[in-house]
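Chemist:
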Amino acid sequence: MLRQFTRALVVLLLAGLVAAQEYSPPHEQPGPATERIFFRSFHVDRAPLDLRAGNMDLYLFGLRTDAALELEGAPGVQLYEAPATTLSLVLNPAPAPEGRLNPFSIPEVRQAMQYLVNREFIANDIFRGMALPMVTHVSPWDFDFLTVYDIDRGAGIRYDPELARELINEAMTAAGAELVEGSWHYGGEPIRLRFIVRVEDERREVGDLVRAELEQAGFNVAATYQAFAPAVLAVYASDPRAFEWHLYTEGWGRSAPQRYDVGTINAMNAPWLGNMPGWREVGFWQYEHAEQDELGQRLFRGEFGSVEERNEIYRRMTELGLDASVRIWLATVVNSFAAQDDLTGITRDVVAGPRSPWTLREAFVPGQDEITVGHLWVWTERTTWNPVGGFGDVYSIDIWRNLYDPPLWNHPFSGIPQPFRASFEVETAGPGGTLAVPGDAVLWDATTDRWQLVEPGTQAVSKVTLDYSRYIGANWHHGQAITMADVLYAIAQSFDLAYDPDKSRIEVALAVTARPYLETFRGFRIVDESRLEVYVDFWHFDPPYIASYASPTSLGMPWEVLAAMDHLVFEERRGAYSDTAAGRFNVPWISLVMSRDARLIERTLRQFRTQSTVPEGVFEVGGQALVSPEEAEARYSAALDWLERYGHLVISNGPYFLTRYDPPAQFAELQAFRDETYPYRPGDRFLGGPPELAISQVEAAEVVQGEAAEVRVSVVGPGTLGLRYLLFDPASGEVLETGEAAPGGGGEFVVSLNGELTAGLFPGLYHLFLAAYSDEAALVSERRVDLDVTF
Amino acid sequence: MSLLRPLLARALSLFGVLLVVLFLLVISLGTTGFSDRMLGALIGEELRALRTTLAETVRDPEAIEETLLVRRQELNALYGLDRPWYVRMPGMVLRVLRLDLGEARTLRSFSGSNRVADIILERLPNTIILLTTALAITAVIGITVGVWLSTRAGSAIDRAISYFAAVSYALPAWWTGILLILIFAFYLQLLPSGGMYSSPPPVGGFERFLDLAWHALLPIITLVLVSVGPYIYVVRTMTLGVAQEDHVTVARAKGLPDRMVERRHILRVAAPPIVTGLILGLAGSLGGSILVETVFNWQGMGRLYYEAMLGTPDEAMIVGLTFMFTLLYVIARLILEILYVLLDPRVRYDDGAAVRP
């Protein structure tokens, strides 16, 4: 395990060091580093050749392992690594009908599977060192790995097929099965397992490996090798009791670092969130686990008073997950993103690698005005760019995130929400108390279409003051200044969609999705022309999470475009925000990037301009009107001019603007936004690679039985460092001691094993697991030291 | 006898074929539960993704369940799963028979339209420029060289081309495509490696068409290379077979010039099977080729078929595409019926049945 861990870690650290070079901005103009970005589609199998041929500067889609290893060390190419995928086997635990037996309905057989899979072979040989074994749903690169460290390492889970077969024999025999000529039979019939194996990537080889082990254990395995759609059809669209599958090779994408995970642990363990067999599909048999559900929902609702309490819940859920073993975790896979050597300025997210909003703002090739970014697709048959209903595919999001500046975003290294273009202050009385909401705070009333003062005596758990001063006064891409009116329109639009009786009947899906979230908002108060107080019933022990929750708008589009779309969807009924409403009313699902749809909005904008329309009520707050008819007219004209010039209505506020979008050519062109009012210049967003967090040196003397021993450890990394240790007996599979090493300053730590502890050790080898962590990085660095105990 | 009546009978029977194909499609998608499950899986996937999204903002699990329930109802209505297949699908078939292909549920055209006809009409030219062009080139080369070879049977060139035909037949199109990309795009750097347009693509008009043609060159060469060998061999063998028939010997004995014997007595007789292959091949080529389109990153009918069936399953698109291709086959067959009479003077219709005197 140590070998592949070291290999994968070295790969990541080297990639980090490459990326963490000094950054010299190519110029000092406002906007991004490079002048133009061309997005082009390249098939993943051909991408390495195209990269070498100079047809692109960066490939934003993860390469296949073989291709990545071939490119490793190739002249002129650099690889950015990110642990962006996890793999698991999901077992079907449904009980078989009378007279038949499903082995995986027996918990002991599922637990035996933990010993039957050779995770080290998967990581070392199948992924050729580009993966790390996993035991629980927590990747060794997740910050929560520390939370469950002793559970994970102390579970004693290893590749031990003998033990697995022994456990299977016991459990199967107890269930009434018989081993006939090496094959399990029940009721005189052989037991046959249906194994759905995905074929698009290395999961095919993983499937072959698992299949061979199962056959060795006496199971008759019928493996079906399938691509995404048929596999999903068999596994997620069939009742587990129909036994169209017994086990399936799952793969999970990881998109951004999470300092405090809530979603993954629920999704991978707790049935209530609909990701356990049965999938909460009506009419299907359901895997149930009341304790997981109860704990998961507590974690979900934030029903904990401290980080310690939260961690306890998290640990218990992880233990229960291991005990149930419905998912057998296999490996975290390192994805490789390839780029030309001379491409500079890449910021590498610890999970998503270069696929984050940070990367392309600062990326440039010295002496070159443009960069070509390759992706699997630029356009797909599902593509829709809709600022209200959302995007239809991930490829469009990878383009869009360069066109707008979100108010807050998770830090690419620590995973904690942080200011991106807005800043914030948080005041909270949670988890138990409340704050008074001022009497001049308002809420949008969707029935009267007015901002209404909050009820006297309104209380909220937290207050977040969002400062939009880096937006306000700066320009949208079409040259109009961003104002508080843009913020207010976006908020009012959200409330309207959720609560306006007519609108919520048309866009049902959007309304029901938004309501539970909006119901926790208690009031908004405009402090001045750039600051907004948000009162919300939400608490978290880490204040940035409250700010992230309370941020009411992404501020991605100017109000006149939103207003025109609202009119088109709800008054004229010639378009829809969601696919379902579009289907129901037989109107287009509006995509602002498509000329055809943008032309629909054009008519509305022209009508607005002719009639000097100012949306009613939304800009009247505190007795003043925020938008005059002249200002509104200027906005409409600017939007229409934009449409005339570029043929679309994707108008935003980020470092680039969209100049061309050509679906048949699978091409998009982004141009630098060099407006003087844009507040950022090259270098402002550069973060490079994640800070190095590593155990650099370990000094461990021989441990003498009955005498105190010390292990000195040097850790390098940013911020406040810590070191957790765990003494493990490989013979018994028990954790003998766990704790925090004493810091000695300057990254030095001492692990002290007292005489009483060592007196209980037998001569031989013991494993001392060390996990270093930092408050500035959402990752953990681990090392195993073998301690030699003597008399 | 007038050609009209027998052709009308043919047209009616082919229309029957069209109905049977659509009927079988509906039955196979419906009774097996495939369509419902396929769409159910699509909805399930969307809801699973929505759960995760909702989990980021909604803290009340019950609210999440309520939200998902409403969304499920919406999606069921969108995909037609709120009605059983035997209500939903016949309506779809009746509509396509009225030449209204309807709206796709998930797929969209380059311009954003969800009309099945728009989507198909956008993709069809891309496929025509690739596959149909390749087939046309193959046919021209195949017929010319095949006929020429038939007069040189047993010669060194005949043997050489026989070997070439075997190799050409054995070459998988995707493998040949990759090989040619490596040679012409990456090694010699003479042709683009894939995609339909350059970067940045020309904005419009003739320049854009030329760019498209330039990008189509390598895939066309690939397709011609893997199909021309067997085509030549088939034409050569058919022509040779006719050339050895008695009526040709008689014509030669009469002292007719070689060219005339070739044209009137050999080619005209050998033409029907060759033309049958050609016309059906042309019609079939409009279906695209998923492998070649994938290798060359080409947005043609093959990829559309794949997307509609497996990528993002779309019932309306599947029915629309099946209708269209069956219709193309029917039209091709009708054209062939006419061509048989024109090409081979021995073919006559008698009460709707083709007979040879």
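Line by line, the protein sequences give chains A and B.
Numbering-wise (my numbering), the first sequence opens with residue 963 and increments by one.
Numbering-wise (my numbering), the second sequence opens with residue 10 and increments by one.
A virtual CB, placed ideally from N, CA and C, is assigned to each residue, including glycine.
By DSSP, does Lys-1465/A sit in helix, in strand, or in coil?
Modeler: helix
Chemist: Check whether the Cβ atoms of Leu-1741/A and Pro-1652/A sit closer than 8 Å, and answer yes or no.
Modeler: Contact flag set, yes.
Chemist: Can you name the residues that DSSP bridges to His-1337/A?
Modeler: Ser-1003/A
Chemist: Quick one: using the 10 Å Cβ neighbour count with 16 as the cut-off for buried, is Ile-192/B buried or exposed?
Modeler: Looking at its Cβ environment, which holds fewer than 16 other Cβ atoms inside 10 Å, Ile-192/B is exposed.
Chemist: Kindly list, in the order they appear in chain B, the residues whose Cβ is closer than 7 Å to that of Asp-1559/A.
Modeler: Near Asp-1559/A (Cβ distances below 7 Å), the residues of chain B are Gly-121.
Chemist: Is it the case that the stretch 1131-1142 of chain A contacts the stretch 1296-1310 of chain A, given that we only count it when at least three CB pairs across the two stretches are under 8 Å?
Modeler: no
Chemist: Taking the alpha carbon of Leu-1655/A as the point to measure from, which residue in Tyr-1642/A, Val-1677/A and Glu-1669/A has its own alpha carbon closest?
Modeler: Val-1677/A
Chemist: How far does the beta strand (DSSP E) with Gln-1188/A in it reach, from first residue to last?
Modeler: 1182-1188
Chemist: Confirm, please, whether the CB-CB distance from His-1439/A to Ile-1613/A is below 8 Å.
Modeler: yes
Chemist: Which residue or residues does DSSP assign as beta-bridge partners of Ser-1714/A?
Modeler: In the DSSP output, where bridge partners are listed per residue, Ser-1714/A has Glu-1672/A.
Chemist: Do we get a CB-CB distance below 8 Å when we pair Leu-84/B with the residues of chain A?
Modeler: yes
Chemist: What three-state label does DSSP hand Asp-1448/A in the structure shown?
Modeler: helix
Chemist: Along the stretch 96-116 of chain B, where does the CB come closer than 9 Å to a CB of chain A? Name the residues.
Modeler: Here the close residues are Glu-112, Ala-113, Arg-114, Thr-115 and Leu-116.
Chemist: Which of helix, strand or coil does DSSP assign to Glu-1534/A?
Modeler: coil
Chemist: Name the chain B residues that come within less than 9 Å of His-1273/A, Cβ to Cβ?
Modeler: Here residue 1273/A turns out to be Asn, not His, going by the sequence shown. Correct list: empty, because the minimum Cβ distance to chain B is about 19 Å.
Chemist: From Ala-194/B to Tyr-1623/A, what does the alpha carbon distance come to, in whole angstroms?
Modeler: Rounded to whole angstroms, Ala-194/B to Tyr-1623/A spans 25 Å at the Cα level.
Chemist: Please return the same chain residues whose Cβ sits closer than 7 Å to the Cβ of Tyr-1198/A, not counting the five positions on each side in sequence.
Modeler: Trp-1241
Chemist: Going by beta carbon distance, what residues of the same chain come within less than 8 Å of Ser-1376/A, once the five residues before and after it are set aside?
Modeler: Pro-1219, Arg-1221, Asp-1737, Glu-1738, Ala-1739 and Ala-1740
Chemist: Jot down the residue ranges of each uninterrupted alpha helix (DSSP H) in the stretch 987-1034 of chain A, minimum 4 residues, whole runs only, in chain order.
Modeler: 1009-1014 and 1027-1033
Chemist: Using a threshold of 8 Å, state whether the C-beta atoms of Arg-1686/A and Tyr-1276/A are closer than that.
Modeler: no
Chemist: Mind listing which residues of the stretch 1446-1472 of chain A have their C-beta closer than 8 Å to chain B's C-betas, in chain order?
Modeler: Answer set for the stretch 1446-1472 of chain A: Val-1470 and Ala-1471.
Chemist: May I ask you to list, following chain order, the residues of the stretch 1532-1549 of chain A that have a beta carbon less than 9 Å from some beta carbon of chain B?
Modeler: For the stretch 1532-1549 of chain A, the set of residues with a beta-carbon nearer than 9 Å to any beta-carbon of chain B comprises Ser-1540, Asp-1541, Thr-1542, Ala-1543, Ala-1544, Gly-1545, Arg-1546 and Asn-1548, in chain order.
Chemist: So Arg-1165/A packs on Phe-1205/A, CB below 8 Å; how close in whole Å?
Modeler: Wrong, their Cβ atoms sit about 21 Å apart, outside the cutoff.
Chemist: Quick one, which residues of the stretch 1620-1631 of chain A are near chain B if we go by CB-CB under 9 Å, in chain order?
Modeler: Those residues of the stretch 1620-1631 of chain A placed with their C-beta closer than 9 Å to a C-beta in chain B are Arg-1622, Asp-1624, Pro-1625, Pro-1626, Ala-1627, Gln-1628, Phe-1629 and Glu-1631, ordered along the chain.
Chemist: Is it the case that the stretch 266-281 of chain B contacts the stretch 116-127 of chain B, given that we only count it when at least three CB pairs across the two stretches are under 8 Å?
Modeler: no
Chemist: Assign Phe-1532/A to buried or exposed, taking buried as 16 or more other Cβ atoms, counted over all protein chains shown, within 10 Å of its Cβ.
Modeler: buried
Chemist: For Asp-69/B, go through chain A and note every residue whose CB falls closer than 8 Å to its CB, in chain order.
Modeler: Arg-1263 and Pro-1478
Chemist: Indicate the three-state DSSP secondary structure (helix, strand or coil) for Gln-1586/A in the structure shown.
Modeler: strand
Chemist: Scan the stretch 1651-1712 of chain A and note each continuous beta strand (DSSP E) run of 3 residues or more that stays entirely inside, going in chain order.
Modeler: 1656-1662, 1671-1678, 1683-1691, 1696-1702 and 1704-1707
Chemist: Please classify Tyr-349/B: does DSSP put it in a helix, a strand, or coil?
Modeler: helix
Chemist: Please tell me whether Phe-1386/A and Asp-1448/A are closer than 8 Å, where the distance is taken between their beta carbons.
Modeler: No, Cβ-Cβ distance for Phe-1386/A and Asp-1448/A is not below 8 Å.
Chemist: Determine the direct distance from the alpha carbon of Tyr-1497/A to that of Arg-1487/A, and round the result to whole angstroms.
Modeler: 8 Å
Chemist: Excluding five sequence neighbours on each side, which residues of the same chain lie with their C-beta closer than 6 Å to the C-beta of Thr-1575/A?
Modeler: The beta carbon of Thr-1575/A lies closer than 6 Å to none in the same chain, with the five residues before and after it left out.
Chemist: Our contact map puts Val-125/B next to Met-326/B with C-beta atoms below 8 Å; I'd like the distance itself, whole angstroms only.
Modeler: 6 Å
Chemist: Let me confirm a value: His-224/B is counted as buried when at least 16 other C-beta atoms fall within 10 Å, else exposed. Which label applies?
Modeler: Classification for His-224/B: buried.
Chemist: Is it right to say Phe-1107/A is buried, meaning 16 or more other beta carbons lie within 10 angstroms of its own, or is it exposed?
Modeler: buried
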